[in-house]
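Take the sequence shown: its position 115, counted from the start at 1, is 115 in this note's numbering, and no numbers get skipped. One structure is given below, encoded as structure tokens.
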Amino acid sequence: MPNTSAPRSSIENRESKIENPPPSVLVTGASRGLGRGIALQLAAAGCSVAINYAGNRAAADETAALCRAAAPRPDAQRFVPIQADISSAADRRRLVAETLSALGSLDALVNNAGIAPKIRVDITEATEESFEHLIRTNLQGPYFLTQTVANHWLATRPACAIPGGFKIIYVTSTSANTASVSRGDYCISKAGLAMAAQLWALRLAAENIQVIELRPGIMATDMTAAVKGKYDRFLADGNVPQNRWGTPEDVGLAVRAVIEGRLPFSTGAVIPIDGGFTLRRL
């Protein structure tokens, strides 16, 4: 669980922050795992958060309660669970509408939600059903959710409550450029998502909308729990220079840095959060 007791260098302490209301951020897939770590860091930074979840309302409510406990301005900040399946166009439109209704504004989008294949199989045995399901959720969903949010900003030209303008963050994976033949559909969905981040960064840069890709490595979440032994051995063999699992807090801290405006001249940047896994070595 992310540590929110450390001294804060947060949005509410920066001169550029609009004090009332707090910045509002939509985080997809925020009920558990990386999304919860992201939501907690944003809460600690003084943001309100729309906590998107697909089906587990109890987990989303738990995330909201943890966010309230971490918030420096609990009377002003809001943490609202919103159910939506991002693979559905109708749900995506409703998600944005309900976020705006619940929080009153939207200053940033964190495209975090994603799924793994139900069964890892060699690509010679993979099914089109699994491929289509992952593409709809991991790629098509965030791509067109970004379109909906960006078009709202472009059409309404609202004021932005976070430093340096609106932010869109894509949480992808080292699988975007690291082949794994037992889950080719996942790798392809993440590679496409990485290109989506580049495309939107280029399109929106002149509109004061910054787009950043965060690329996590081996993360301790529900998604990797079933293959923990495999990755423990992978770590023991020295494949990750920092020699540990990544955590939701690691990703949350990176998102927080972007939302706080600490990378103002870096739109389109790809930031690895992988303990050095992708470093080239001899």
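Note that CB positions come from ideal geometry on N, CA and C, so glycine has one too.
Proximity below 8 Å, CB of residue i to CB of residue j
{"i": "R32", "j": "D222", "result": "yes"}
{"i": "L42", "j": "R256", "result": "yes"}
{"i": "P272", "j": "R183", "result": "no"}
{"i": "R78", "j": "L103", "result": "yes"}
{"i": "S173", "j": "R215", "result": "yes"}
{"i": "E213", "j": "A197", "result": "yes"}
{"i": "T63", "j": "I51", "result": "yes"}
{"i": "I38", "j": "G276", "result": "no"}
{"i": "L145", "j": "I188", "result": "no"}
{"i": "A60", "j": "L40", "result": "no"}
{"i": "T278", "j": "A201", "result": "no"}
{"i": "S101", "j": "P21", "result": "no"}
{"i": "L95", "j": "I115", "result": "no"}
{"i": "I169", "j": "V258", "result": "yes"}
{"i": "A45", "j": "E260", "result": "yes"}
{"i": "L204", "j": "A150", "result": "yes"}
{"i": "L263", "j": "V171", "result": "no"}
Bounding residues of the alpha helix (DSSP H) (the contiguous stretch that carries residue i)
{"i": "P74", "result": "From DSSP, P74 is part of no alpha helix (DSSP H); its letter is neither H nor E."}
{"i": "L139", "result": "First-last for L139: undefined, no H or E at that position."}
{"i": "I188", "result": "G184 to L204"}
{"i": "E249", "result": "P248 to I259"}
{"i": "A236", "result": "K228 to A236"}
{"i": "L134", "result": "E128 to L134"}
Simplified DSSP state of residue i, which is helix, strand or coil
{"i": "R215", "result": "strand"}
{"i": "I18", "result": "With a pLDDT of 36 at I18, under the threshold of 50, the modelled position of this residue cannot be trusted, and the question is left open."}
{"i": "V270", "result": "strand"}
{"i": "L26", "result": "strand"}
{"i": "I38", "result": "helix"}
{"i": "P264", "result": "coil"}
{"i": "L106", "result": "coil"}
{"i": "Q147", "result": "helix"}
{"i": "D222", "result": "helix"}
Buried versus exposed, by CB contacts within 10 Å (16 or more), residue i
{"i": "T137", "result": "buried"}
{"i": "G55", "result": "exposed"}
{"i": "V181", "result": "exposed"}
{"i": "P241", "result": "exposed"}
{"i": "I209", "result": "buried"}
{"i": "A97", "result": "exposed"}
{"i": "R57", "result": "exposed"}
{"i": "E15", "result": "Because E15 sits at a pLDDT of 37, beneath the cut-off of 50, its placement in the model cannot be relied upon, and the point is left open."}
{"i": "I119", "result": "exposed"}
{"i": "L139", "result": "buried"}
{"i": "D75", "result": "exposed"}
{"i": "G229", "result": "exposed"}
{"i": "L154", "result": "exposed"}
{"i": "L355", "result": "A query on residue 355 cannot be resolved here, the shown segment of the chain reaching from 1 to 282 and no further."}
{"i": "S175", "result": "buried"}
{"i": "G141", "result": "buried"}
{"i": "D237", "result": "exposed"}
Residue i, enclosing beta strand (DSSP E) - first and last residue
{"i": "F166", "result": "F166 to V171"}
{"i": "A50", "result": "S48 to Y53"}
Contact test: residue i Cβ vs the ligand SAH heavy atom, cutoff 7 Å
{"i": "D122", "result": "This structure does not include the ligand SAH; it has no bound ligands of any sort."}
(message) Check whether the stretch 245 to 252 and the stretch 213 to 227 are in contact - that is, three or more C-beta pairs closer than 8 Å.
(response) Yes, since at least three Cβ pairs between the stretch 245 to 252 and the stretch 213 to 227 fall closer than 8 Å, the two stretches touch.
(message) Is it the case that the stretch 95 to 110 contacts the stretch 24 to 42, given that we only count it when at least three CB pairs across the two stretches are under 8 Å?
(response) They touch, by the three-pair rule.
(message) Across the stretch 163 to 177 and the stretch 89 to 104, are there enough close Cβ pairs to call them in contact, namely three or more that are closer than 8 Å?
(response) Three or more Cβ pairs closer than 8 Å define a contact, and the stretch 163 to 177 falls short of that threshold against the stretch 89 to 104.
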